[in-house]
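Per this note's numbering, residue 2 is the first one in the sequence shown, and the count goes up by one each step. The beta-carbon is built from N, C-alpha and C at its ideal position, and this holds for glycine as well. These numbers were taken from a predicted model, which means no experiment stands behind them.
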Amino acid sequence: MPIKSFVKKFGKGAATKQVYIYETWLRWIARGLQFLFAIIVCGIYGNRVDRDRKDGNSQSVAWVYALLVAGLTCITCLLYSIPNPFSRMQSHRLFAWDLILFVLWIVQFGIFAGLFLKRDEDEYEGVSVALMKCGVWIDLVNAVFWLGTGLYGCFRTFVGRKVNDKIDQVQNKVEDQVTSRVGQFAGSAANNFSFKMNPLKKETV
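What follows is the structure in C-alpha cells.
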C-alpha cells in the first residue's frame, strides 16, 4: 500500500548513513578549530609585522614565517570546508598536506619557544613576552591538531574500505530492524486509516 511503502522508505532513510553524518560533523568541527586557532595566531604575530611595516623597519623572518604558516592553514581549512571540491578526491586522502602543516607548525613552535619561553622580562623587541608565550602554546595546539587530522586521514585512506564495510554491516542490521518495526507500524496505521475511510467495511471470514 502507498502509505505503508512511504513510511517504510522514510524509516529506512532515517536509519542509514548515520555514522558518516557524525564523521562529517566531527571533521567540520576539527577544521573549524584549526581555522580558529590559525586566526588567533594571525592576530598575535600580525600585530608585530604590521607595526614594523608602519615604522619602516625590516620584517623579522620568524614573524613573517608565522603569518605564512597561519595563512596557509586558513586557506586549507576553507578549501576543506567545500563539499567534495576535488570530485572523487576526499579531503582525508590529502593527509600528506596535513602532515606537512604539522611539520610547519612544530617548527614554528620550536622557533618561538626558543625565543620566549625562558624570558622573564615584560617585553622583547617591543612585544609582550606574556602574549608571545601564549602564542607559543597555541602554535603547539595547532601542531597537535594537524598531526591528529593527518594521522586520521592516513588511517581512513589505507584502512577506510575495511572500516566502511564494517560500518555498512552494522548499519544494515540496524536498518533491517528499523524497517521491520516501521513495516509493522505502517501496516497497522494503514489498516486503521482504511477502516476510518470505510467504517462499514467488515472483514470477511
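Simplified DSSP assignment, three categories, for residue i
i, result
"Ser-88", "For Ser-88, the predicted structure reports a pLDDT of 48, less than 50, and the residue's modelled location is therefore unreliable. A value from the coordinates is still provided. Here Ser-88 sits in coil by DSSP."
C-alpha gap between residue i and residue j, whole angstroms
i, j, result
"Leu-80", "Gly-47", "22 Å"
"Val-62", "Gly-154", "32 Å"
"Ala-130", "Ala-31", "Checking the sequence, you will find Val at residue 130 rather than Ala. Approximately 29 Å between the Cα atoms of the pair."
"Leu-105", "Asn-143", "10 Å"
"Leu-148", "Phe-103", "5 Å"
"Leu-34", "Asp-121", "30 Å"
"Leu-37", "Ala-67", "15 Å"
"Leu-73", "Leu-95", "15 Å"
"Arg-52", "Trp-64", "12 Å"
"Ala-114", "Leu-141", "10 Å"
"Ile-101", "Asp-123", "34 Å"
"Lys-163", "Cys-43", "40 Å"
"Lys-174", "Val-160", "22 Å"
"Cys-78", "Trp-29", "9 Å"
"Thr-17", "Gln-170", "Here the model assigns Thr-17 a pLDDT of 44, short of 50, so the residue's position is not dependable, and the following value carries that caveat. Distance between the alpha carbons of Thr-17 and Gln-170: 11 Å."
"Gln-60", "Arg-54", "7 Å"
"Thr-158", "Asn-58", "47 Å"
"Ile-112", "Ile-83", "33 Å"
"Arg-1", "Thr-25", "Residue 1 is absent from the structure shown; the chain starts at 2 and stops at 206."
"Val-145", "Ala-71", "14 Å"
"Lys-119", "Tyr-125", "12 Å"
CB-CB length for residue i against residue j, believed under 8 Å
i, j, result
"Phe-110", "Met-133", "With a Cβ gap of about 12 Å, Phe-110 and Met-133 do not count as contacting."
"Ile-45", "Gly-136", "4 Å"
"Ile-139", "Ile-41", "6 Å"
"Ala-39", "Cys-75", "5 Å"
Residue span of the alpha helix (DSSP H) that contains residue i, given as start and end
i, result
"Lys-123", "Reading off the sequence shown, one finds Asp at residue 123, where the question assumed Lys. Careful: Asp-123 lies outside any alpha helix (DSSP H) and carries neither H nor E."
"Gln-109", "96 to 117"
"Ile-222", "The displayed coordinates of the chain run from 2 to 206. Any statement about residue 222 would go beyond what the structure contains."
Residue i burial status per 10 Å Cβ neighbour count (16 or more: buried)
i, result
"Asp-99", "buried"
"Gly-151", "buried"
"Leu-27", "exposed"
"Leu-69", "exposed"
"Phe-156", "exposed"
Any chain C beta carbon closer than 8 Å to residue i
i, result
"Val-42", "Absence of chain C from the displayed structure is noted, only one protein chain being present."
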